[in-house]
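Heads up, the thing below is written out as structure tokens.
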Ligand code: C6P
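Numbering (my numbering), first residue to last: 539 to 950.
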């Protein structure tokens, strides 16, 4: 037997782990092609959260009683899993946040704001999600610094040479996505980090769309910060991670104050907690983080490299099948892509097309994908976006194609 059918069989098995994928929508078996917005959760994540809530729930780091110990163990155990998952060198480098957005805002306010002065700059790219644009705009407004934006080309690839030209001795940080959510472009982050390291410029990578699809090793990448969200990696919403190099995190002040981020408080003087707790004020999303730990275990059982290989093949299949649909216009054709294809069909509005597909049981995302500058670059108000996870298979793509052909008939 050749490799392709074997992989498809594996995908069918993985799919059975996801209860949400077993349902019908508008009378048709659900085809879920919106994992870039939020991925479905396997049974084991749902059950782990439920079991925690049924039996172990209490506040963390606070109680001497048994349930508090159990909750703390489960929560801190999940941090250890996350450290291992991205190969951070220490658990102190794993700051638990409510998602990528919060993680990037933390860096903007705690790392950049105290350091930035008028005339300094931050460099990002044109294909960033709003979460990797607006926090930098805010901190630039607050400090008088300049936000510089590296352009993209017609295929949706960052012009890396132009990015390098924007970096100078006044650059405090470069922020770049690992994988573009709107276009699927995989950015050469290792190269960018190597260039910036040579100039002592820290790099933040928005890994929201990287972590679910690629085997991430933050030490091999060499980045200073790496941000990602739990709900895109088959875990609960309201969870996420900021990886930060310990030396940088140590230098950074807390950005939110409250319980758990302190060692001692008096009106005269407050002593902050050690890493990573200094950045985790208040009661966290305990059950969500415990569920995220279960999702890491689940992903590691399958293997991220296996997932990446399977998805790569499925992505190629999706692109080849969509390309043959009459009236198809691709938005984003980078040489190196992962998981996503954005497109428009004839002159059908993306929301109309999304609705017609939904009525055939096919879920895609439509609109600007929180990446308005990308839409502006391509001169469109929005696109349709099909995004894959390892639980998708070729049948899903075939159903998408049939649904698109039906939409063409409807719109005449
Ligand atoms: N993109 C999408 O449909 P949060 O909301 O904090 O979990 O993630 C924000 C975020 C940051 N960066 C990238 C590259 C992202 O894709 C996202 C979330 C979703 O594309 C929802 S807008």
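Even glycine gets a Cβ: it sits at the ideal position worked out from N, Cα and C.
### Query
Just the Cα atoms here: how many angstroms apart are residue 542 and residue 728?
In this prediction, residue 542 has a pLDDT of 39, which is less than 50 and means its spatial position is unreliable; nothing more can be read from the coordinates.
### Query
Who are the near neighbours of residue 653 in its chain, counting only those whose CB is closer than 7 Å to its CB and skipping five residues on each side?
710
### Query
Is there at least one non-hydrogen atom of the ligand C6P closer than 7 Å to the beta-carbon of residue 667?
yes
### Query
Nearest to residue 801 by CA position, among 787, 843, 817, 786, is which residue?
817
### Query
If you measure from the CB of residue 896, is any heavy atom of the ligand C6P nearer than 7 Å?
no
### Query
Who are the near neighbours of residue 901 in its chain, counting only those whose CB is closer than 8 Å to its CB and skipping five residues on each side?
563, 568, 569, 570, 571, 572, 895
### Query
Counting Cβ pairs closer than 8 Å, one from the region 647-663 and one from the region 824-843, do we hit at least three?
no
### Query
Between residue 632 and residue 814, which are expected to be in contact by the criterion C-beta below 8 Å, what is the C-beta distance as a whole number of angstroms?
6 Å
### Task
Can you check the region 786-861 for any alpha helix (DSSP H) of at least 4 residues that lies completely inside it and give the ranges in chain order?
You should have 824-840, 842-861.
### Query
Does the pairing of the region 898-917 with the region 723-737 give three or more beta-carbon distances under 8 Å?
no
#### Entry: Spatial neighbours of residue 510 in its chain, beta-carbon cut-off 6 Å, leaving aside the 5 residues before and after
Not covered by the structure: residue 510. The range shown for the chain is 539 to 950.
### Task
Identify whether residue 732 lies in helix, strand or coil by the three-state DSSP scheme.
helix
### Task
Tell me whether residue 761 counts as near the ligand C6P, meaning its Cβ is closer than 7 Å to at least one heavy atom of that ligand.
no
### Task
Express the C-alpha separation of residue 812 and residue 787 in angstroms, rounding to a whole number.
10 Å
### Query
Taking the alpha-carbon positions, what's the residue 943 to residue 726 distance?
36 Å
### residue 697: CB within 7 Å of a non-hydrogen atom of the ligand C6P
no
### Message
Could you check if residue 719 belongs to the surroundings of the ligand C6P, using beta carbon to heavy atom distance under 7 Å?
### Response
yes
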